[in-house]
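Following: one structure in structure tokens, then a few remarks.
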Amino acid sequence: MSVYEKLKEMNITLPPLSAPVAAFVPFVQAGNLLFLSGHIAKKDGKPWSGKVGSEITVAEAQLAARAVAIDLIGTLQAATGDLGRIRRIVKLMVLVNSAPAFTEQHLVADGASELIGQLFGDTGDHARSAFGASQIPFGSSVEIEMIAEVR
Amino acid sequence: MSVYEKLKEMNITLPPLSAPVAAFVPFVQAGNLLFLSGHIAKKDGKPWSGKVGSEITVAEAQLAARAVAIDLIGTLQAATGDLGRIRRIVKLMVLVNSAPAFTEQHLVADGASELIGQLFGDTGDHARSAFGASQIPFGSSVEIEMIAEVR
Amino acid sequence: MSVYEKLKEMNITLPPLSAPVAAFVPFVQAGNLLFLSGHIAKKDGKPWSGKVGSEITVAEAQLAARAVAIDLIGTLQAATGDLGRIRRIVKLMVLVNSAPAFTEQHLVADGASELIGQLFGDTGDHARSAFGASQIPFGSSVEIEMIAEVR
């Protein structure tokens with residue numbers, strides 16, 4: 690099944706490319722590597738904010754991370770024109786806006802990683818770092834940066 | 690206009706390559722990609738320190754980020770011998786030493802991104818992540834890591 | 690002297706590849722670049738936890754960083770089958786679980802960088818970013834991500 694068929698089956702609509710809020714671009718290709726800017730979690734078009742572990746729960750933060758993954762895949766679509774051109778999702782860097790004692794950043798990041806696995810199969814097997822940021826732009830709960838390889 | 694002409698017009702002098710304070714090197718080239726170490730903000734040769742949002746303002750932190758960008762371009766000069774060899778500024782990772790409630794890391798990062806745009810034009814269009822670090826070496830206010838592509 | 694001879698001389702045993710605790714893989718190769726996931730510090734198989742500057746000392750955190758470097762080299766061994774295939778250790782990103790006023794992340798990171806220099810010589814000369822994370826999965830004191838280039 691193609692990524693598009695899986696997106697349809699899971700009832701996921703990719704967003705259009707959103708304009709960065711500042712002086713940078715959403716992605717840059719160098720050789721076969723696509724470097725995607727950090728995407729912050731949004732809900733209904735607004736920052737999905739809150740410190741995980743105090744203001745929002747792990748379960749909600751996992752949904753926020755999943756939403757970021759959908760936005761990143763939307764950017765991959767804009768960058769490639771065809772998600773079938775993705776050879777590999779190489780790496781995610783997952784920043785979790787963490788309360789001081791919150792130590793389950795890896796569970797939050799799974800909200801993104803698991804969706805990527807469901808959509809891309811082996812092509813989606815990625816390296817990953819997850820850690821706590823002291824804050825994220827607009828107070829967003831999660832920010833994710835991606836590197837992907839294209840054919 | 691070349692990058693050098695723009696640097697002159699903007700009255701910017703690139704610094705010489707500064708020795709790392711620890712057991713690493715300022716840049717490594719792998720294939721066509723140049724990976725630059727995190728550069729911390731300095732003022733008059735000393736760490737430009739302070740937590741943004743409590744100890745220093747956004748406006749000052751933007752100047753600190755701009756100063757880091759100048760140092761990074763100095764390192765690019767040392768790495769390439771000729772900034773005309775830069776094909777693309779690929780990505781910045783911008784760490785802002787943030788007070789707990791400070792959520793404008795993207796505005797701070799613009800201090801670096803905008804200078805790069807002014808100097809490099811389209812070649813300077815880069816992907817970017819910006820977020821809050823709980824601290825930065827020497828208490829510096831901003832640290833930036835860069836990936837660039839060379840011809 | 691080969692890396693293996695140096696490991697033996699320094700009485701270091703590389704660990705087997707450990708299974709990630711979540712939905713990602715320990716490394717991905719894209720072109721000649723190996724992207725390793727963030728590895729967290731462990732002691733006797735458990736997270737080597739603690740905030741540096743309050744709960745644990747710089748000296749202990751340096752040992753934790755050194756332990757992460759050994760685990761990363763174990764992953765390089767699994768990825769390459771032969772550490773002689775490593776052309777260059779390209780970059781480390783070193784996250785230090787930092788108390789609010791702790792500003793010596795670079796000294797902690799040296800625990801990893803110096804071991805890499807001792808084992809790999811010039812091949813080990815790497816770019817690096819080090820900064821404070823507000824937390825790290827499992828409360829670990831140090832997390833390190835690596836990029837390496839292979840032949």
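Chains as they are written, first to last, in this note's numbering: chain A, 690 to 840; chain B, 690 to 840; chain C, 690 to 840. The beta-carbon is built from N, C-alpha and C at its ideal position, and this holds for glycine as well.
N- and C-terminal bounds of the alpha helix (DSSP H) containing residue i
i	result
S802(B)	Q794 to F809
R840(C)	Unbroken run through R840(C): none, as it is neither H nor E.
Check whether residue i and residue j have beta carbons under 8 Å apart
i	j	result
P784(C)	V831(C)	Residue identity differs from the one stated: residue 784(C) is Leu in this sequence, not Pro. Against a cut-off of 8 Å, the Cβ pair of V831(C) and L784(C) comes out as a contact.
V779(C)	A719(B)	yes
A767(B)	A730(B)	no
A819(B)	G727(A)	yes
P842(B)	G800(B)	This structure gives no information on residue 842(B), because the portion of chain B shown stretches from 690 to 840.
V797(C)	A758(C)	no
K695(A)	Q824(A)	no
V741(C)	A790(C)	no
A756(C)	K735(C)	no
I833(B)	L765(B)	no
A712(C)	S802(A)	yes
A837(B)	L723(B)	yes
V717(C)	H795(A)	no
Status (buried if at least 16 other CB within 10 Å, exposed otherwise) for residue i
i	result
M690(A)	exposed
D760(A)	buried
M835(A)	buried
R776(C)	exposed
M699(A)	exposed
R840(C)	exposed
G773(C)	exposed
E793(B)	buried
S829(C)	buried
S743(C)	exposed
A748(C)	exposed
G810(C)	exposed
G770(A)	exposed
A708(A)	exposed
Helix, strand or coil at residue i [DSSP, three-state]
i	result
K697(C)	helix
A708(B)	coil
G821(B)	strand
V741(C)	strand
Bridge partners - residue i, DSSP secondary structure assignment
i	result
N786(B)	A822(B)
F827(A)	Answer is none; F827(A) lacks a bridge partner.
L781(C)	R817(C) and M835(C)
Start and end residues, beta strand (DSSP E) containing residue i
i	result
G763(A)	Here G763(A) belongs to no beta strand (DSSP E); instead the alpha helix (DSSP H) covers V747 to T769.
L723(A)	L722 to I729
V714(A)	No beta strand (DSSP E) holds V714(A); DSSP gives it neither H nor E.
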